[in-house]
Each structure stands twice: as structure tokens, then as C-alpha cells.
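Undergrad: Sharing a structure below in C-alpha cells format, with a few things to ask.
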Amino acid sequence: MYYDPIKRSLGNVFNRSPWLRRLFYHLLDLLLLRTWHVHRELRQWAKGRTRGPLDILDAGAGYGQYSYWLSSLSSLWRILAVDVKEEQVADSNNFFRAIGRPQVQFAVQDLVLYQEPNSFDLALSVDVMEHILEDVEVFRNIHASLKDGGMLLISTPSDQGGSDVHADSETSFIEEHVRDGYNIHEIQQKLRTAGFERIEASYSYGEPGQISWRLSMKYPILMLGKSRLFFVLLPFYYLLTFPFCLFLNWLDARGKHDSGTGLIVKAWK
Numbered sequence: 001m002y003y004d005p006i007k008r009s010l011g012n013v014f015n016r017s018p019w020l021r022r023l024f025y026h027l028l029d030l031l032l033l034r035t036w037h038v039h040r041e042l043r044q045w046a047k048g049r050t051r052g053p054l055d056i057l058d059a060g061a062g063y064g065q066y067s068y069w070l071s072s073l074s075s076l077w078r079i080l081a082v083d084v085k086e087e088q089v090a091d092s093n094n095f096f097r098a099i100g101r102p103q104v105q106f107a108v109q110d111l112v113l114y115q116e117p118n119s120f121d122l123a124l125s126v127d128v129m130e131h132i133l134e135d136v137e138v139f140r141n142i143h144a145s146l147k148d149g150g151m152l153l154i155s156t157p158s159d160q161g162g163s164d165v166h167a168d169s170e171t172s173f174i175e176e177h178v179r180d181g182y183n184i185h186e187i188q189q190k191l192r193t194a195g196f197e198r199i200e201a202s203y204s205y206g207e208p209g210q211i212s213w214r215l216s217m218k219y220p221i222l223m224l225g226k227s228r229l230f231f232v233l234l235p236f237y238y239l240l241t242f243p244f245c246l247f248l249n250w251l252d253a254r255g256k257h258d259s260g261t262g263l264i265v266k267a268w269k
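Residue 269 is where the sequence shown ends in the numbering used here, and the numbering goes up by one at each step.
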């Protein structure tokens with residue numbers, strides 16, 4: 001199914017005021033398991049770094065929730081958030097100006113073409129690479145754009161059931177994906193090809209996370225895809241499932257997984 005129209009509808013609702021957009025970000029932080037894993041890695045990276053100026057690239061920023069979260073850690077960090085969707089970029093620039101965070105700037109850029117040599121201390125790519133066919137080109141551009149010692153953090157589906165694909169005969173739950181998921185060794189090799197030398201990769205979305213994802217994301221999106229009337233029932237659905245999903249997310253983020261439908265990858269220049 002195509003979930004971009006559903007995402008756009010949700011975004012339009014929460015974009016009506018800065019207060020609603022902040023609420024939207026906080027809900028995403030709690031509900032999306034990948035956010036739990038990404039925040040854990042970013043907290044580790046941020047230790048001892050909040051008192052000085054740094055430059056961060058949010059590569060494929062989407063709604064901008066990670067730029068918002070990072071900008072709350074230090075007002076000295078300069079964040080450039082890029083995305084291909086012009087309307088989303090314009091909305092995000094308006095929002096960050098409205099809340100008084102001029103250190104966060106959004107720009108329309110294609111990651112396959114965008115390169116800013118030796119400019120960033122950190123690059124973040126959350127659920128982006130599964131949408132881009134020319135992934136090695138993107139990795140090369142990000143490698144060139146990082147300063148020496150800079151880190152790239154990636155969250156992406158794995159080939160162990162990412163995009164809810166478990167067999168060759170199945171198709172992706174999310175049809176916008178150009179690949180169903182990365183093999184853990186494949187993505188490391190592609191990063192080496194792009195110039196990265198030190199790479200760490202681990203699985204996310206183990207058994208607890210997979211249950212949480214179905215309850216919190218897959219089933220609601222499927223129902224919204226069938227009828228917009230489900231928007232009315234959505235708060236009641238989450239009232240029942242939300243506490244259970246939070247517990248499952250906590251379990252998944254604290255554990256180490258031999259396999260999982262997601263990957264967390266760190267690579268240093």
C-alpha cells in the first residue's frame with residue numbers, strides 16, 4: 001500500500017499549530033520503535049559534546065522529528081535537514097522559526113547528488129536508504145560531507161522480515177520501498193565501498209519490537225488505508241494498545257538481538 005497520503009493527512013492535522021506539531025513529535029518518539037534505538041545511539045554520541053558548536057546533517061529529514069530532538073540537546077549545534085519534498089521542507093522551516101530555533105535549517109536536496117565536503121560532525125539517516133536505489137552514491141556523498149572522525153548513523157529495515165516481507169513470493173507492506181531490507185553484511189560492504197572503514201551494525205526490531213510494530217503501525221495504517229473513518233476510532237485503538245506497545249518498545253531497545261527486522265548501523269570517517 002502507499003502510505004504517503006496517510007502520512008500527509010496526519011501531517012496536515014498536526015501542522016495546524018506549533019503546539020500540535022510538538023505533540024506529534026512526542027507521540028512519534030514514544031510510538032516508533034526505531035526512535036527508541038536512534039535516540040539511544042544519539043545520546044551515546046552526544047556525551048561530552050553538548051557544550052560546543054557542532055554541525056549535523058539530517059539526511060532525509062521527513063517531518064523533522066529527529067532535528068527537533070537533537071536541537072533540544074544543545075542550542076550550539078547547527079543542524080541542516082534535507083529532504084526531496086518541497087512542501088515538507090517549507091512547513092518545517094516555518095515551524096522551527098516559529099518556535100525560535102534558527103540553528104535548524106531545512107533545504108530541498110537529493111541525497112544522490114548532494115555533497116558538502118568536510119562539513120558535518122554527524123550525519124543521520126533514519127528509514128531513508130530503503131527508498132533510494134543508488135545507495136552507494138548516497139553513502140559516498142555522506143562520507144565526503146563528514147569531517148574526519150565524523151559518524152553516520154543509519155536506521156533501516158533488514159532482510160530478516162523488514163517491510164514485513166518474509167518470503168520471495170511476498171511484496172513489501174510499504175510499496176514506496178525500492179528494497180525490502182538490507183543484509184547486515186551487505187550494508188557494511190557498501191559502506192566500505194563508499195570509503196568508511198570503521199563500521200558497527202546490529203539488529204533492532206527483535207521479537208518484542210515486531211509485535212509492537214504490527215500493533216502500533218501496520219494494523220492502524222491498513223485500517224486507515226481502507227477508510228478515513230478510522231481516524232475517528234484511532235484514539236480509542238491506541239488507548240487500548242499504547243501501554244502494551246510502550247512496554248514492548250522498552251524491551252526491544254534494551255536487548256541485543258541475534259536477528260531482527262531492523263538494522264542500526266554506525267560508520268565513522
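Ideal Cβ placement from N, Cα and C applies to all residues, glycine included. Please read all numbers here as calculations on a predicted model, not as lab measurements.
1) Work out the CA separation of residue 53 and residue 166 for me, nearest whole Å.
2) Just to confirm, are residue 46 and residue 67 a CB contact at a threshold of 7 Å?
3) Can residue 139 and residue 194 be called in contact, C-beta distance under 7 Å?
4) Would you check if the distance between the CB atom of residue 79 and the CB atom of residue 108 is smaller than 7 Å?
5) Skipping 5 residues on each side, what residues in its chain have a beta carbon closer than 6 Å to that of residue 249?
6) How big is the Cα-Cα spacing for residue 130 and residue 48?
7) What is the residue span of the beta strand (DSSP E) that residue 147 lies within?
8) Using a threshold of 7 Å, state whether the C-beta atoms of residue 155 and residue 264 are closer than that.
9) By DSSP, does residue 207 sit in helix, in strand, or in coil?
10) Indicate the three-state DSSP secondary structure (helix, strand or coil) for residue 32 in the structure shown.
11) For residue 260 versus residue 204, is the C-beta spacing smaller than 7 Å?
12) According to DSSP, which residues form a beta bridge with residue 106?
13) Check for me: the alpha helix (DSSP H) holding residue 225 runs from which residue to which?
14) Quick check: residue 146 and residue 106, are their CB atoms within less than 7 Å of each other?
15) Please report the straight-line C-alpha distance between residue 41 and residue 127, rounded to a whole angstrom.
16) Tell me whether the beta-carbon of residue 77 lies closer than 7 Å to the beta-carbon of residue 99.
17) Please classify residue 158 as buried or exposed, where buried requires at least 16 neighbouring CB atoms within 10 angstroms.
18) What does DSSP give as the partner residue(s) for residue 266 in the beta ladder?
19) For residue 189, tell me which candidate among 201, 178 and 117 has the shortest Cα-Cα distance.
20) Leaving out five residues on either side along the sequence, give the residues of the same chain with a beta carbon under 8 Å from the beta carbon of residue 86.
TA: Judging by the given coordinates:
1) No answer about residue 166 holds up, because its pLDDT of 46 lies below 50 and its placement is not dependable.
2) no
3) yes
4) no
5) Once the five neighbours on either side are set aside, the close Cβ partners of residue 249 are 33, 36 and 212.
6) 32 Å
7) Looking at the DSSP string, the run of the beta strand (DSSP E) that includes residue 147 is 146-157.
8) yes
9) helix
10) coil
11) yes
12) 81
13) 219-226
14) no
15) 15 Å
16) The answer is no: Cβ separation not under 7 Å.
17) Classified as buried, residue 158 has 16 or more neighbouring CB atoms from the shown chains inside 10 Å of its CB.
18) 153 and 200
19) 201
20) 108
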